[in-house]
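Engineer: Submitted below is the structure of interest, expressed as structure tokens.
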Amino acid sequence: QVQLWESGGGLVQPGESLTLSCVGSGTLFSIYPIIWYRQAPGKERELVAGFTKGGSTYYADSVKDRFTISRDNAKTTAYLQMSSLKPEDTAFYYCHAEPVPPFPGSWGQGTQVIVSS
């Protein structure tokens with residue numbers, strides 16, 4: 010099972026940028042579709058952006074044209090580049106490796122992003 014660790018969160022002002030990293034353990038990282046989710050206080054977890062099994066990317070409408078997902082399998086790391094951040098982007102951000110049978114999926118512990126002036 011792959012293990013995931015997020016980093017890169019912090020406090021930024023509206024309009025600024027931030028890049029989150031999701032580092033995975035082991036040699037199987039490259040087979041997993043990696044999905045970024047976020048959860049704001051008092052709200053349900055929502056999908057932000059992700060990779061399909063074929064390597065295509067997709068984004069929530071709320072972040073399209075502002076966020077970019079990428080990955081470097083040689084570094085077993087996925088990234089979420091966030092620009093033009095808004096206060097409503099404030100949340101804990103989690104990366105998730107979707108299950109690829111027979112291998113189970115995994116969640117990171119999350120990293121907090123606060124967008125505030």
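Mapping of the sequence shown onto the numbering used here: position 95 corresponds to residue 104, and the numbering continues sequentially without gaps.
Glycine is no exception: its CB is placed at the ideal position from the N, C-alpha and C atoms.
Predicted, not measured: the structure shown is a model, and the values here were computed from it.
Between which two residues does the beta strand (DSSP E) holding serine 79 run?
Structural biologist: It spans 76-81 - the beta strand (DSSP E) in which serine 79 sits, taken as one unbroken run.
Engineer: So within the stretch 42-108, which uninterrupted beta strand (DSSP E) runs reach at least 3 residues, ignoring any that extend past its ends?
Structural biologist: Within the stretch 42-108, the complete beta strand (DSSP E) runs of at least 3 residues are 43-48, 55-60, 66-68, 76-81, 86-91 and 100-106.
Engineer: Using 8 Å as the Cβ pair cut-off and three pairs as the minimum, do the stretch 38-52 and the stretch 98-110 touch?
Structural biologist: With a cut-off of 8 Å, the stretch 98-110 and the stretch 38-52 count as touching, because enough Cβ pairs lie within range.
Engineer: Quick one: Cα of aspartate 98 to Cα of alanine 69, how far?
Structural biologist: Rounded to whole angstroms, aspartate 98 to alanine 69 spans 12 Å at the Cα level.
Engineer: Please return the same chain residues whose Cβ sits closer than 7 Å to the Cβ of lysine 95, not counting the five positions on each side in sequence.
Structural biologist: Closer than 7 Å at Cβ, skipping near neighbours: Pro23 and Val124.
Engineer: Our contact map puts alanine 87 next to valine 122 with C-beta atoms below 8 Å; I'd like the distance itself, whole angstroms only.
Structural biologist: That belief does not hold up - the Cβ atoms of alanine 87 and valine 122 are roughly 16 Å apart, past 8 Å.
Engineer: Kindly list the residues whose CB is nearer than 7 Å to the CB of serine 92, restricted to its own chain and excluding five residues on each side of it in sequence; keep chain order.
Structural biologist: Once the five neighbours on either side are set aside, the close Cβ partners of serine 92 are Ser26 and Arg75.
Engineer: State the Cα-Cα distance for the pair arginine 80 and serine 30, rounded to the nearest angstrom.
Structural biologist: Between arginine 80 and serine 30, the C-alpha separation is close to 9 Å.
Engineer: Between which two residues does the beta strand (DSSP E) containing leucine 27 stretch?
Structural biologist: Taken as a continuous stretch (DSSP letters only), the beta strand (DSSP E) holding leucine 27 covers 27-33.
Engineer: What number of angstroms, rounded off, separates the C-alpha of glutamine 10 from the C-alpha of arginine 47?
Structural biologist: Their Cα atoms are separated by approximately 22 Å.
Engineer: Find out if the Cβ-Cβ distance for the pair threonine 130, glutamine 90 is shorter than 8 Å.
Structural biologist: Only positions 10 to 126 of the chain appear in the structure, and residue 130 is not among them; the question remains open.
Engineer: Along the chain, where does the beta strand (DSSP E) containing isoleucine 123 start, and where does it finish?
Structural biologist: Unbroken beta strand (DSSP E) run through isoleucine 123: 120-124.
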